[in-house]
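Data first, discussion second: the structure below is written as structure tokens.
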Amino acid sequence: MLLLTNEKTPLHSFWGALVPTLGALLLFSLFGMQALAQEPLTQSAQSAIPLADLLQEAEKNNPQIEAARQGWQAAKQVPTQVSTLPDPEFQIQQVNVGSPRPFAGYSNSDFAYIGLGVSQDIPYPGKLKLRGEIAKREADVLQQQVESVRRAVLAEVKAAYFQLAYLSQTLGILESDGELLKQVEQAAQARYRSGMGTQQDVLQAQLQKTKLVREIAMHHLEVGKLEARLKQLLNRPQESPDIESTDLTETPLPQSYDELLIAAKAQNPELAGAQKMIEKQSLQIDLARKDFNPDFNVQYMWQRTDPSQYRAYYMLTFGVRVPIYRSRKQKPELAEAQTEELRARSEFEAQSQQVASQLRTLYVITQQTSEMLRIHRGGLSPQAHSEFQAGLASYQSNKQDFQAILAAFLDVLRLDEEYWQNLAEYETAIGRIEQITGLTLR
């Protein structure tokens, strides 16, 4: 290992010339990448797409929403099918005496005849109506699922959009903090050339610049992932132009938790769907009870023998289908329907508790994150920048060591990034609250 001193030796002169050169190369690498990162940011100011436009596009084009909507449209066609009488059955009869060939003995025997008839099954009164109501409730459940899928997709669009906006903001922060780090490096180089600093200070500053370059590259990687996810949600081709977000702003939340919970109970599609399922199972119990009653069949037949000798025969038949296996069919059916209703009620209660829990968690996140944002704006960020500037001045005048000024710089970088991350988390929580309550908060 070579130990460098502050004496004006040839080796010292070599490092004194090499370090600024390496610093210049690293600066060129860093700010060259920053210039590349800054170009799309400049374009974003011109081509940024508002969130509302993307939400409308997702609602119109997302295949998940469309599939759920088509499933609901299909279910709406079922009630009329199951509430309509069974199709009638038409019959033709021909009886011969003495010959297997059709119509061979019609004029040779008094017992030969032809007949035409129709029969109709008639369920016990009220069964068809109940089946139609049950199918209608099933369609209502699917309708609520459409709304649930729609809100979930829109919430995903919001979350990806806010994360994209956060990354765009932090890319700008990395660029501006790179300028601060440049000041630190210049101060370290100046002290090193004057003999008051060490080579380690310069190398640490350059290492931190390289870390900034790496972080910028990682941000671009995350941006690429979010772009792919947004295009999928919007049903856009992956090779389509990238989406630029607008700046993040804090959305106020004037409602209390109790007000949000009331809105959720009234407008949450999962709760509404669970309630429709309870209604469906209650109707299923009524239908199971009606299955203890018989169904009917009516048949009407016209028969004709030799028209020159006999009149036509007219026959009306009334049949009854009696449920004699009640202990093996109807009673288990009723028990199943009653159990399913209890299960539906339990699921509704579980869903209600889940909605209340999720809403409470999101409400706490918004309240605490809003407070952290206020603290950042009012104290942490300005204090960190002031501390850094004061520390830099002290370091330049040889009143503070390098580790203190580097720690102050890292505080500035961390706090700036935390602010925008907290704001993205806050807006994402607002989006989830909108998903649960059905309210439009922004």
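The working numbering applies: residue 8 is where the sequence shown begins, and numbers increase by one.
Using N, Cα and C, we set each Cβ at its ideal position, and we do this for glycine too.
Item	Value
Is it a yes or a no for the stretch 344-356 touching the stretch 299-315, going by three-plus beta-carbon pairs under 8 Å?	no
Determine the direct distance from the alpha carbon of arginine 236 to that of isoleucine 285, and round the result to whole angstroms.	36 Å
Taking only beta-carbon positions, decide if proline 57 is within less than 7 Å of chain C.	Here chain C cannot be found, since the structure has a single protein chain.
Just to confirm my understanding: we take glutamine 88, look at its own chain, exclude 5 residues before and 5 after, and list those with CB closer than 8 Å. What are they?	Ala142
Using C-beta distances below 6 Å, list every residue in its chain close to glutamine 262, excluding the 5 sequence neighbours before and after it, in chain order.	none
Do leucine 294 and leucine 137 come within 7 Å of each other at the CB atom, strictly closer than that value?	yes
Can you tell me whether DSSP reads arginine 311 as helix, strand or coil?	strand
How long is the line joining the alpha carbons of serine 388 and serine 377, rounded to whole angstroms?	15 Å
Between which two residues does the alpha helix (DSSP H) containing valine 362 stretch?	337-382
Can you tell me where the alpha helix (DSSP H) with isoleucine 121 in it begins and where it stops?	Element bounds for isoleucine 121: not the alpha helix (DSSP H) but the beta strand (DSSP E), 120-129.
Just to check my reading of the structure: leucine 369 and isoleucine 440 have Cβ atoms closer than 8 Å, yes? What is that Cβ distance to the nearest angstrom?	5 Å
Mapping DSSP to helix, strand and coil, what is glutamate 328?	Per the sequence shown, residue 328 should be read as arginine rather than glutamate. It is a strand residue.
From Ser334, Ser401, Val230, Leu161, pick the residue whose C-alpha is nearest to that of lysine 67; which is it?	Leu161
Which runs of the alpha helix (DSSP H) at least 4 residues long sit entirely within the stretch 260-304? Give them in chain order.	264-274, 276-297
Can you tell me which residues form a DSSP beta bridge with glutamine 100?	Gly122
In this structure, does DSSP put glutamine 458 in helix, strand or coil?	A question about residue 458 goes unanswered here, because the residues of the chain that appear run from 8 up to 449.
When you compare each of Tyr173, Leu123, Glu145 to lysine 287 by their alpha carbons, which one comes out closest?	Glu145
Closer than 6 Å by C-beta to valine 85: which residues in its own chain qualify, once you throw out the five before and the five after it? Chain order, please.	Ala142
Indicate the three-state DSSP secondary structure (helix, strand or coil) for leucine 323 in the structure shown.	strand
Which partner residues of glutamine 306 appear in the DSSP bridge assignment?	Ser126, Thr324
Under a Cβ-count criterion, where at least 16 other Cβ atoms within 10 Å of its own Cβ denotes burial, should isoleucine 443 be classed as buried or exposed?	buried
Helix, strand or coil for isoleucine 250? Go by DSSP, reduced to three states.	coil
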